[in-house]
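Novice: My questions all concern the structure below.
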Amino acid sequence: MAGLRTEALQWAAHTVAPGARVAEVRGMRDGSSPWLIRWERSGAIEAAVLRVGGSSRERLVTETAALHLAERHALAAPRVLATDLDGKECGEAAFLTTVLPGTSRIPRSPSPSRLRALGAAAAALHAVATDPAPGLPFRRWPMDTSSAGFVMERDAPADSPLRAEVRERLAEVPVPQEPSVLVHGDLWQGNTMWAGDECTGLVDWDCAGAGAAGSDLGNLRCDAAILAGLPAAEQVLDGWQQAAGRPAEHVAYWDLTAALSTPADPAKWLPAMHGQGRTDLTAPTVYQRRDAFLQDALDRLVRS
Numbered sequence: 006m007a008g009l010r011t012e013a014l015q016w017a018a019h020t021v022a023p024g025a026r027v028a029e030v031r032g033m034r035d036g037s038s039p040w041l042i043r044w045e046r047s048g049a050i051e052a053a054v055l056r057v058g059g060s061s062r063e064r065l066v067t068e069t070a071a072l073h074l075a076e077r078h079a080l081a082a083p084r085v086l087a088t089d090l091d092g093k094e095c096g097e098a099a100f101l102t103t104v105l106p107g108t109s110r111i112p113r114s115p116s117p118s119r120l121r122a123l124g125a126a127a128a129a130l131h132a133v134a135t136d137p138a139p140g141l142p143f144r145r146w147p148m149d150t151s152s153a154g155f156v157m158e159r160d161a162p163a164d165s166p167l168r169a170e171v172r173e174r175l176a177e178v179p180v181p182q183e184p185s186v187l188v189h190g191d192l193w194q195g196n197t198m199w200a201g202d203e204c205t206g207l208v209d210w211d212c213a214g215a216g217a218a219g220s221d222l223g224n225l226r227c228d229a230a231i232l233a234g235l236p237a238a239e240q241v242l243d244g245w246q247q248a249a250g251r252p253a254e255h256v257a258y259w260d261l262t263a264a265l266s267t268p269a270d271p272a273k274w275l276p277a278m279h280g281q282g283r284t285d286l287t288a289p290t291v292y293q294r295r296d297a298f299l300q301d302a303l304d305r306l307v308r309s
C-alpha cells in the first residue's frame, strides 16, 4: 500500500463499511490510485474504488462533478459514494465510487457489435446537454487539460509533411459550432468496462467537461483505428449514429483534432495498450495506423 495514506484508507473503510474487515487494497494503475478496496461483511465480499488526488485536486473535482451529472441522467458510470475534496479527513483530496462490473481488457479482434456498442455508449453521453460549469470546464478537444503529462502532436513541432499539412488545413477551417454537451474528454477503449459485448459503463472522467460531441467521437474513432484498423472506426460511427438517431456532424474535422491529440510519438501509449491486453501492438503498427487515420480524415476534409 505504498503511496496510500493510512488516514485515507481509514476514511474509506469507515465510510462504506464501518466495523468491517478490510480484505484487500490494490492499486489499479501502476500500483497506485485509483485503489480497489475490498472488505468482508456478513460473510460477503464487497468493494469500492478510492481515488486520491495528491497534486491533482482539480481533476478529482472534475471527475466528481461529471459523475454526479452522469447519475442524474442515469448514464452507465460509477456512482459517487462519498467525497473529501478538501482533504480534511484523508490528508489529500479523495472520493469513493462504486465498482462497475466487467473488465476493461481490449480484445485483439473486436466484434462489429462491440464496436457499435462503443459508439452507442458515447451517444448516450452526448445526449446530455450542458454548458460549462464549476468542475466541468469547456473542452475544445480530447484531453484538453494542462496536466495531461505528455506532449500531444498538437503541441509539438510538425515532424512530417502530413502533419504539417493537417495543421495548415485546420487553421483554415472555422471551428464547428455545435451544441454543448457532456463530454468524457479521454474516451478510449481502456476507459470502458465490458461484460462480453455489453458496455457496462465508462470510467476515468477526470478530463470531462462541456464541449462538442465530435471531440469525443473523433477520439473514440481514432482509438479504434489505432487498435484495430480503419474499418473499426466506421463501426464506432455507425453505432453512434444509430443510437443518436441522426448523422454525426463534421466528422472529418473532429477526426483530425483527435489524431492531433495523440502523442507526437503514439508509441508512448504502448504501455497503456499493453496493460489492457494488447501486447500484440508494436510501435510501427500504432504509428502507421495513426497516420493512416490522419490521412483518411484529411482526404475527407479536402473533399467536403
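Residue numbers (the working numbering): 6 to 309. Backbone N, C-alpha and C fix where the C-beta goes; we use that ideal spot for every residue, glycine too. Here the structure is a predicted model, which is why all the values come from computation and not from measurement.
Whole angstroms are fine: how far does the CA of residue 136 sit from the CA of residue 153?
Specialist: For the purposes of this step, residue 153 is identified with residue 148 of the sequence shown, where counting begins at 1. For the purposes of this step, residue 136 is identified with residue 131 of the sequence shown, where counting begins at 1. Reliability of the predicted coordinates at residue 153 is poor, the pLDDT of 49 falling under 50, and the value obtained from them is presented with this limitation in mind. Computed Cα separation, rounded: 23 Å.
Novice: Consult DSSP for residue 155 and reduce its assignment to one of helix, strand or coil.
Specialist: Taking the sequence shown and counting its residues from 1, one reaches residue 155 at position 150. At residue 155, the pLDDT of 49 sits below 50, so the modelled position is not reliable; the number obtained from the coordinates is stated separately. Coil at residue 155, not helix or strand.
Novice: Tell me whether residue 23 is buried or exposed, calling it buried when 16 or more other Cβ atoms sit within 10 Å of its Cβ.
Specialist: Against the sequence shown, residue 23 aligns to sequence position 18. Exposed: under 16 other Cβ atoms inside 10 Å.
Novice: Please list, in chain order, all residues of the same chain as residue 150 whose beta carbon is under 6 Å from its beta carbon, the five residues on each side excluded.
Specialist: In the sequence shown, the residue the question calls residue 150 occupies position 145. These residues qualify, in order along the chain: 212.
Novice: Flag this pair as yes or no: are the beta carbons of residue 38 and residue 64 separated by less than 7 Å?
Specialist: Walking along the sequence shown from the start, residue 38 turns up at place 33. Walking along the sequence shown from the start, residue 64 turns up at place 59. Against a cut-off of 7 Å, the Cβ pair of residue 64 and residue 38 comes out as no contact.
Novice: Is DSSP giving residue 82 helix, strand or coil here?
Specialist: In the sequence shown, residue 82 corresponds to position 77, counting from 1. Three-state DSSP puts residue 82 in coil, outside helix and strand.
Novice: Express the C-alpha separation of residue 283 and residue 219 in angstroms, rounding to a whole number.
Specialist: Numbered from 1 along the sequence shown, position 214 holds the residue referred to as residue 219. Numbered from 1 along the sequence shown, position 278 holds the residue referred to as residue 283. Approximately 26 Å between the Cα atoms of the pair.
Novice: Comparing alpha-carbon positions, which option in 121, 231, 21, 172 lies nearest residue 327?
Specialist: Given that the chain is displayed from residue 6 to residue 309, the structure contains no residue 327 and the question cannot be resolved.
Novice: Considering Cα atoms alone, identify which of 271, 30, 243, 299 is closest to residue 287.
Specialist: Position 282 of the sequence shown, counted from the start, is the residue given in the question as residue 287. Per the Cα distances, 271.
Novice: Along the chain, where does the alpha helix (DSSP H) that runs through residue 30 open and close?
Specialist: As a working mapping, residue 30 is identified with position 25 in the sequence shown. Element bounds for residue 30: not the alpha helix (DSSP H) but the beta strand (DSSP E), 26 to 34.
Novice: What would DSSP say about residue 220, mapped onto helix, strand or coil?
Specialist: One-based indexing of the sequence shown puts residue 220 at position 215. Helix at residue 220.
Novice: Taking C-beta to C-beta, are residue 229 and residue 241 nearer than 7 Å?
Specialist: Taking the first residue of the sequence shown as 1, we reach residue 229 at position 224. Taking the first residue of the sequence shown as 1, we reach residue 241 at position 236. Yes.
Novice: Excluding the 5 residues preceding and the 5 following residue 84 in the sequence, name in chain order all residues of the same chain whose CB lies nearer than 8 Å to its CB.
Specialist: By one-based count along the sequence shown, residue 84 stands at place 79. Only 72, 76, 102, 103 meet the Cβ criterion.
Novice: Does the Cβ-Cβ distance between residue 147 and residue 266 come in under 7 Å?
Specialist: The count along the sequence shown starts at 1 and reaches residue 147 at position 142. The count along the sequence shown starts at 1 and reaches residue 266 at position 261. Their beta carbons are under 7 Å apart, which means residue 147 touches residue 266 by this criterion.
Novice: Is residue 206 near residue 82, with beta carbons less than 7 Å apart?
Specialist: Stepping through the sequence shown from its first residue, residue 206 is reached at position 201. Stepping through the sequence shown from its first residue, residue 82 is reached at position 77. Yes, the Cβ-Cβ distance between residue 206 and residue 82 is below 7 Å.
Novice: Which residue from 210, 14, 292, 302 puts its Cα closest to that of residue 273?
Specialist: In the sequence shown, residue 273 corresponds to position 268, counting from 1. Closest by alpha carbon: 292.
Novice: Using the beta-carbon count (16 or more within 10 Å), is residue 308 buried or exposed?
Specialist: The sequence position of residue 308 within the sequence shown is 303, counting from 1. Classification for residue 308: exposed.
Novice: Report the residue from 224, 281, 247, 279 whose alpha carbon sits nearest the alpha carbon of residue 310.
Specialist: In the structure as shown, the chain begins at 6 and stops at 309. Residue 310 is therefore absent and cannot be evaluated.
Novice: Excluding five sequence neighbours on each side, which residues of the same chain lie with their C-beta closer than 8 Å to the C-beta of residue 109?
Specialist: Reading the sequence shown from its first residue, position 104 is the one you call residue 109. Once the five neighbours on either side are set aside, the close Cβ partners of residue 109 are 194, 195, 196, 197, 198, 199, 208, 281.
Novice: By the 10 Å Cβ neighbour count, where 16 or more other Cβ atoms means buried, how is residue 131 classified, buried or exposed?
Specialist: The residue given as residue 131 occupies position 126 in the sequence shown. Buried.
Novice: Taking the C-alpha atoms as reference points, what is the distance between residue 141 and residue 112?
Specialist: As a first step, residue 141 must be located in the sequence shown, where it is residue number 136. As a first step, residue 112 must be located in the sequence shown, where it is residue number 107. Each residue's Cα considered, the two are about 32 Å apart.
Novice: Could you please give the first and the last residue of the uninterrupted alpha helix (DSSP H) stretch that includes residue 295?
Specialist: What you label residue 295 is simply residue 290 of the sequence shown in a count that begins at 1. Here the alpha helix (DSSP H) through residue 295 covers 288 to 308.
Novice: With a threshold of 16 other CB atoms inside 10 Å of the CB of residue 190, please say whether the residue is buried or exposed.
Specialist: Translated into the one-based positions of the sequence shown, residue 190 becomes position 185. Under this definition residue 190 is a buried residue.
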